[in-house]
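The block underneath contains the structure these notes are about, expressed in structure tokens.
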Amino acid sequence: MQTGLASAVALALGWLAFAQAAEQERRNTRAPVPLADHHQHLFSAELAALMTTTPPVAAVKPRTAADLIEQLDAAGIKRAVVLSTAYVFEQPSRKADHAAEKLRRDNDWTSKQVAQFPDRLIGFCGLNPLKDYALEELARCAADPNLRRGLKLHFGNSVVDYHNPEHIAQVRRVFRAANDRRMAIVAHVRASVTAKLPWGREEALIFLNELLPAAPDVVVQVAHLASAGSAQDEGAQQALEVLVDAVVRNDPRTRNLYFDATTLGEPPTPDNAQRWAAAISRVLPRVLFGSDATTAATTPGAAWTAMRKLLPLTGDEFKGIANNTPPYMQ
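Position in the sequence shown (from 1) plus 5 gives the number in this note's numbering.
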């Protein structure tokens, strides 16, 4: 009797595992290749050297446009948005000498890299919005045909404090200047993890109420689904839900608000995966694929495969993400 029961349980579990695998395979096979990777980076030799020798230390190797194109071709992805990481030179913890000069030089390097593949790559200018010369550099990039489409800001890297009125005023000026020049904004809006700055509902409301209105006419793309690339980030999930709620209720401030589903990092718990997926489903036409892939191991193709495995979305939902294209790509 016990043997028979054990056999029945084993058989049931086997069929359950088979059904789950079949469902996952169904999702995967129905998901097409993304039209574009909306969150990519290149690294100059100068910047790679800085990142491997100054805190927070990271094992970064130079990465060129040719390297990126090779990975895009392997994944079957046609285009990519190259977000300049020049702002890393102005990360406070790096203490780089002549940082402003190096930042400008790195933006110029990114421009030249993108120019090699004009039909495949578009470039966004990178800067620290808290620096006195931020508006000057923004204007310089706006005059560059290879960087004029957009601006990349990294609130965590630049240590933007949502509760510092001077910081918010300065970022608002940068948003307004980008809007005036019709430059889209990709913003890593999560506050600094290393500086332990708060990030959650309250900070997302500050972003919604005080920053978004300064750029009403251009796409503002929230990077990493409002996280820092961690699937277990409770504050990021709270922040994302604030922004998603605003989109769903047709808040006019979110008319051009998009989200890139880039790098969830470690596998989420089932509850967290469901929570991310639920938020994505509510604003599916505004969700873009991005890989943040920068090494031979973390390629755009691998990032797309990982997303399809980690998030409980349907094949049609993945198809929607793959086919979504923001106005700045059109």
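Ideal placement from N, C-alpha and C gives every residue a C-beta, glycine not left out.
Using a threshold of 8 angstroms, state whether the C-beta atoms of Q242 and I190 are closer than that. no
For the 8 angstroms Cβ check, are there 3 or more pairs between the region 207-214 and the region 142-154? no
C-beta atoms of G128 and N151 nearer than 8 angstroms: yes
First and last residue of the uninterrupted beta strand (DSSP E) at Q226: 225-227
Is H43 helix, strand or coil when you go by DSSP? strand
Quick one: what does DSSP say R125 is sitting in, helix, strand or coil? coil
Quick one: Cα of L318 to Cα of D137, how far? Each residue's alpha carbon lies about 44 angstroms from the other.
Just verifying my parser: in three-state terms, what is the DSSP assignment at L55? helix
For chain C, is any of its Cβ atoms less than 8 angstroms away from the one on W114? You won't find chain C in this structure, because it holds only one protein chain.
Please go through the region 204-266 and give each complete beta strand (DSSP E) segment of 3 or more residues, from N-terminal end onward. 225-227
For N169, does the count of other Cβ atoms within 10 angstroms reach 16, so buried, or fall short, so exposed? exposed
Over the uninterrupted beta strand (DSSP E) stretch that includes K136, give me the two end residues. Looking at the DSSP string, K136 is not in any beta strand (DSSP E), and its letter there is neither H nor E.
Could you say which of A196, A327, A266 lies nearest to H44 if we only look at CA atoms? Per the Cα distances, A266.
Determine, using beta carbons only, whether T115 and V87 come nearer to each other than 8 angstroms. yes
Judging by CA-CA distance, which residue of F180, P203, A200 is the nearest neighbour of A192? F180
Residue from V223, A174, V165 whose Cα sits closest to the Cα of K201: V165
Taking Cβ to Cβ, would you say P134 is nearer than 8 angstroms to V176? yes
Three CB pairs or more closer than 8 angstroms across the region 45-59 and the region 86-105: yes
Would you mind stating whether I82 and A120 have Cβ atoms separated by less than 8 angstroms? no
Tell me, please, whether the region 55-64 touches the region 271-285 by the rule of three or more beta-carbon pairs shorter than 8 angstroms. no
Going along the chain, which residues of its own chain have a beta-carbon closer than 8 angstroms to the beta-carbon of R187, five neighbours each way excluded? D222, V223
I'd like the ranges of any beta strand (DSSP E) spanning at least 3 consecutive residues and lying wholly in the region 150-201. 155-159, 189-193
Member of S296, L248, K157 whose CA lies at the smallest distance from the CA of R287: Nearest option by C-alpha distance: L248.
Beta carbon of R291, beta carbon of L262: below 8 angstroms? Pairing R291 with L262 gives a Cβ-Cβ distance under 8 angstroms.
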